[in-house]
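The structure appears right after this line, and notes come after that.
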Amino acid sequence: MMRIVWGTAALVLLQIIGTSALTLPDFSTLAANKIYFFPMDDAVCGVGSKMYYGIVTPETMPPASPKKFWMESMGGAICFNKDSCSDKEFSVWLDLVTVIFRYTKPFIEGIGVTAQQFLGMLTAPNNANDLSQFRQLQAAYLPNQKGGPLEGEVGFYFPSCSGDAGLGNYEVNYTSNMTVRHAGGVGFRAMLQAIKAKHSQIDRMTLIGASGTAVSRVAWAPAVADMLPQTQIMVVADSAMHVLPATQAFQFFWNEVQWSPNPSGNHALAKLYDPNTNSFPTFDWRSVSAISDMLRSYGGRIKVLYIGCVNDKVIVEDRSMLSKYAKLDIAATKESSMKEVEEETWDFLKRLQSDAPAGTAFSYITKGDCHHQTRNGFEVEKNNASDPTDLGVQKFTEAFLTGNTAGPQHRWCCGRGLSQTATIGGTTATGTASGSDTSGTTAATTKATIGGTT
Numbered sequence: 331m332m333r334i335v336w337g338t339a340a341l342v343l344l345q346i347i348g349t350s351a352l353t354l355p356d357f358s359t360l361a362a363n364k365i366y367f368f369p370m371d372d373a374v375c376g377v378g379s380k381m382y383y384g385i386v387t388p389e390t391m392p393p394a395s396p397k398k399f400w401m402e403s404m405g406g407a408i409c410f411n412k413d414s415c416s417d418k419e420f421s422v423w424l425d426l427v428t429v430i431f432r433y434t435k436p437f438i439e440g441i442g443v444t445a446q447q448f449l450g451m452l453t454a455p456n457n458a459n460d461l462s463q464f465r466q467l468q469a470a471y472l473p474n475q476k477g478g479p480l481e482g483e484v485g486f487y488f489p490s491c492s493g494d495a496g497l498g499n500y501e502v503n504y505t506s507n508m509t510v511r512h513a514g515g516v517g518f519r520a521m522l523q524a525i526k527a528k529h530s531q532i533d534r535m536t537l538i539g540a541s542g543t544a545v546s547r548v549a550w551a552p553a554v555a556d557m558l559p560q561t562q563i564m565v566v567a568d569s570a571m572h573v574l575p576a577t578q579a580f581q582f583f584w585n586e587v588q589w590s591p592n593p594s595g596n597h598a599l600a601k602l603y604d605p606n607t608n609s610f611p612t613f614d615w616r617s618v619s620a621i622s623d624m625l626r627s628y629g630g631r632i633k634v635l636y637i638g639c640v641n642d643k644v645i646v647e648d649r650s651m652l653s654k655y656a657k658l659d660i661a662a663t664k665e666s667s668m669k670e671v672e673e674e675t676w677d678f679l680k681r682l683q684s685d686a687p688a689g690t691a692f693s694y695i696t697k698g699d700c701h702h703q704t705r706n707g708f709e710v711e712k713n714n715a716s717d718p719t720d721l722g723v724q725k726f727t728e729a730f731l732t733g734n735t736a737g738p739q740h741r742w743c744c745g746r747g748l749s750q751t752a753t754i755g756g757t758t759a760t761g762t763a764s765g766s767d768t769s770g771t772t773a774a775t776t777k778a779t780i781g782g783t784t
């Protein structure tokens, strides 16, 4: 049984000054290899309880003015009406206490505390939680350990508890007895603004999201790039195929969800949580080429990696639940949901491979039904074991994060391959995006650039 010792260390506490204005602590006052949790100021969870964020320190602290940061968002379901927000699964993601109970139940019962007490332990003032021990909870990727792809970098951890995957800025009265604060976007923006206020000269910002927050981190990328106009933005989107551009699922969220960023959407039951709507993502994916167009418009300053399993069990189940709660004419059974998700995935990825500027879009899609690999563990089997440049999804992800990838930008299972040449990190290689079969596929050659090298 793992035994957590929740130590303390001297630090300058988070100061809250005014509305949506966080002030980060001086990193020189933080101990190495710790995770500190701080409350947001006016951003709250869906049920109105406090929202927190974490600062994740590496084993060796960087200089006083770091040039590289990463922000990881915990995965999380969304809800969008009375029935979905009352669902036993979706409602978990409206409060950190229920999230903690869901994912750490065996551990907290083993040490004899409640989820509320454990949250209090994690977020106690001056508390420096041991990061090595926290990693054993498997709550996140946290890739800044020794030997990790972001070794030595300070990171920020953003738990999800607003039922909007960190996109919302609305308080919604679904009924007279049910009000949900879908204000995750307010909290995420506050973190970004706090980072910019103290560390404006950043060379690289890495956004890591999984499941619902993988969708939203891609949506946030242009807003982050605008906020940090000299910074390279890297996005890891793990299990992000819930909502893709120009699909019926997207059209529903864009037009009908009360907390949608669409200014002309249906907000009849909603009011803005924060009247200041500057620096929020537009999430306007009405065009099938929305992601490729976004990558092109930023001239290589945004790069995105999609990883996932083609029959992701959570995405398939969520698609069936969307059909149920939104009353949409889309897949309702497991079989039809699986077919629809798979078709949308391949259609999207083929278009992304074809249309995105060279070196801006990467993907590694494996067979199976895995979900949230950066938390639950990466798939071990490689798509093409006979290809010496195919190192598997974990190494592919790490290479993307470090800028040292060699070989194809896209590696896909299930006979879905496109030939291409990539020049990444100074190495040129020719290969295919397929793991096992390229027959019957179209050839396309591209040159890739990653990590600022060509």
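Just so we're aligned: the sequence shown equals residues 331 to 784 in our numbering. Built from N, CA and C at the ideal position, the CB exists for glycine as well. Small disclaimer: the values here were computed from a predicted structure and weren't measured.
Would you report the Cα separation of residue i and residue j, rounded to the nearest angstrom?
i: M451; j: L426; result: 13 Å
i: S491; j: S716; result: It should be noted that the sequence gives Cys, not Ser, for residue 491. Their Cα atoms are separated by approximately 43 Å.
i: A513; j: N503; result: 13 Å
i: Y655; j: T663; result: 14 Å
i: R547; j: T704; result: 15 Å
i: V640; j: I632; result: 25 Å
i: Q466; j: G595; result: 42 Å
i: R333; j: I438; result: Any reading at R333 must be qualified, since the residue scores a pLDDT of 38, below 50, and its modelled position is unreliable; no value is offered.
i: A544; j: Q447; result: 29 Å
i: I538; j: I563; result: 11 Å
i: G378; j: M508; result: 11 Å
i: K601; j: S590; result: 11 Å
i: E670; j: V644; result: 14 Å
i: A752; j: A736; result: Summary for A752: the model assigns pLDDT 43, below 50, so the residue's position carries little reliability; its value from the coordinates is reported in the next sentence. Answer to the nearest angstrom: the Cα atoms are 7 Å apart.
i: N787; j: E419; result: The requested residue 787 is not part of the displayed model; the chain covers only 331 to 784.
i: L360; j: P388; result: 10 Å
i: F610; j: K412; result: 25 Å
i: A763; j: Q560; result: Note that A763 scores a pLDDT of 48, beneath 50, so its modelled location is shaky; the value from the coordinates is reported in the next line. Cα to Cα, the separation comes out at about 32 Å.
i: E709; j: H701; result: 10 Å
i: Y636; j: A540; result: 10 Å
i: A576; j: S358; result: 46 Å
i: A373; j: P489; result: 12 Å
i: D623; j: N706; result: 32 Å
i: P605; j: R519; result: 13 Å
i: D614; j: D677; result: 19 Å
i: S786; j: T390; result: The chain is shown only over 331 to 784; residue 786 falls outside these bounds and no answer can be derived.
i: A759; j: Y487; result: Caution applies to A759, whose pLDDT of 37 falls short of 50 and renders its modelled position unreliable; the value that the coordinates give is listed next. For A759 and Y487, the distance between alpha carbons rounds to 35 Å.
How is the alpha helix (DSSP H) around residue i delimited, first residue to last?
i: V587; result: First-last for V587: undefined, no H or E at that position.
i: V545; result: G542 to M557
i: F431; result: L426 to I441
i: S801; result: Only positions 331 to 784 of the chain appear in the structure, and residue 801 is not among them; the question remains open.
i: L652; result: K643 to A656
i: S416; result: K412 to S416
Quick one, which of the options has its alpha-carbon nearest residue i's?
i: Y603; options: S617, Q588, F613 and D614; result: Q588
i: Q581; options: S627, S666, T428 and I660; result: I660
i: A416; options: I438, V443 and V510; result: The sequence given here places Ser at residue 416; Ala does not occur at that position. Closest option to S416, Cα to Cα, is V510.
i: S421; options: P738, E389 and A495; result: A495
i: T732; options: G440, R432, L480 and R741; result: L480
i: C744; options: P738, F708 and Y694; result: Y694
i: T505; options: S666, L658, R626 and S414; result: S414
i: V618; options: Q578, K657 and I645; result: Q578
i: A620; options: A691, E673 and K725; result: A691
i: F583; options: I408, M391, P369 and P392; result: I408
i: P718; options: E665, S541, A540 and R741; result: R741
i: G376; options: E389, L424 and E419; result: L424
i: K697; options: A553, T675, A688 and N457; result: T675
i: E711; options: V573, Q724 and G689; result: Q724
i: M404; options: P738, V566 and T727; result: V566
i: A477; options: E728, P369, E665 and G542; result: It should be noted that the sequence gives Gly, not Ala, for residue 477. Nearest option by C-alpha distance: E728.
i: L497; options: F726, A445 and G517; result: G517
i: D356; options: K528, D642 and I430; result: K528
i: S627; options: P738, P552 and N585; result: P552
Hey, could you find the ends of the beta strand (DSSP E) residue i is sitting in?
i: I365; result: K364 to V374
i: A401; result: According to the sequence as given, residue 401 is Met; it is not Ala. Its beta strand (DSSP E) spans residues K398 to S403.
i: K633; result: I632 to C639
i: G450; result: Run containing G450: none in the beta strand (DSSP E); it sits in the alpha helix (DSSP H), A445 to T453.
i: F678; result: Premise fails: F678 lies in the alpha helix (DSSP H), K664 to D685, not in any beta strand (DSSP E).
i: M624; result: First-last for M624: A620 to S627, but that is the alpha helix (DSSP H), not the beta strand (DSSP E).
i: F726; result: Unbroken run through F726 is the alpha helix (DSSP H), V723 to T732; no beta strand (DSSP E).
i: R741; result: H740 to W742
i: T696; result: A691 to T696
i: Q562; result: Q562 to D568
Using a Cβ-Cβ distance under 7 Å, would residue i count as near chain D?
i: T719; result: You won't find chain D in this structure, because it holds only one protein chain.
Is the segment 378 to 386 in contact with the segment 358 to 367, if contact means three or more CB pairs nearer than 8 Å?
The way I'd put it, the segment 378 to 386 does touch the segment 358 to 367; three or more beta-carbon pairs between them come closer than 8 Å.
Which runs of the alpha helix (DSSP H), 4 residues or longer, sit entirely within the segment 475 to 535?
Entirely contained in the segment 475 to 535, the alpha helix (DSSP H) runs reaching 4 residues are, in chain order, 514 to 528.
Would you call the segment 350 to 359 and the segment 523 to 542 touching, i.e. three or more CB-CB distances under 8 Å?
In short, these stretches touch, since the Cβ pair count reaches three.
Count the CB pairs spanning the segment 643 to 651 and the segment 677 to 689 that are closer than 8 Å, and state whether there are at least three.
Flag = no, the segment 643 to 651 and the segment 677 to 689 do not touch.
Would you check if the segment 532 to 548 and the segment 396 to 404 touch, i.e. whether three or more CB-CB distances between them fall below 8 Å?
The segment 396 to 404, when compared against the segment 532 to 548, does touch it at the 8 Å Cβ threshold.
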